[in-house]
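What follows is a single structure, written as structure tokens, with notes after it.
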Amino acid sequence: MLPLLFGVSFQLPLVMLFLDRLSIFNADIYRNKRRVAILVISIVSMMLTPADPASMVMMMFPLILLYELGIWLCRYMAHRNPFEPATI
1148 MLPLLFGVSF QLPLVMLFLD RLSIFNADIY RNKRRVAILV ISIVSMMLTP ADPASMVMMM
1208 FPLILLYELG IWLCRYMAHR NPFEPATI
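Note that the sequence shown covers residues 1148 to 1235 in my numbering.
The structure is reproduced here in structure tokens:
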């Protein structure tokens, strides 16, 4: 069960980018709410892993790095409207 939870949780940057594309959140909101996100990541890592603190850390730190990667992706991926004509 633990490998499945690790795999699902590592989809965080894609979820962040998807929400950015839908204009629900943007990179500025993600940056401003970074402390809350780290707290939520810590709590979720604590609840999803067994009572071993090492497994919590093994899940928490990569998720924090993936959160930062998600902010970077939202910031630097160009937003394009699919209904506008393409320019060459």
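A virtual CB, placed ideally from N, CA and C, is assigned to each residue, including glycine.
Taking residue i as the reference, give the member of the options with the closest Cα.
i	options	result
L1152	R1182, R1222, V1191, L1164	V1191
F1165	E1231, M1224, F1230	M1224
Once DSSP output is grouped into helix, strand and coil, what is the label at residue i?
i	result
D1199	coil
L1159	helix
S1189	helix
M1205	helix
L1169	coil
F1153	helix
If the criterion is Cβ atoms closer than 9 Å, does the pair residue i and residue j meet it?
i	j	result
I1211	I1185	yes
M1163	Y1177	yes
S1156	L1220	no
Which value, in whole angstroms, describes the spacing of the CA atoms of residue i and residue j?
i	j	result
L1216	P1197	26 Å
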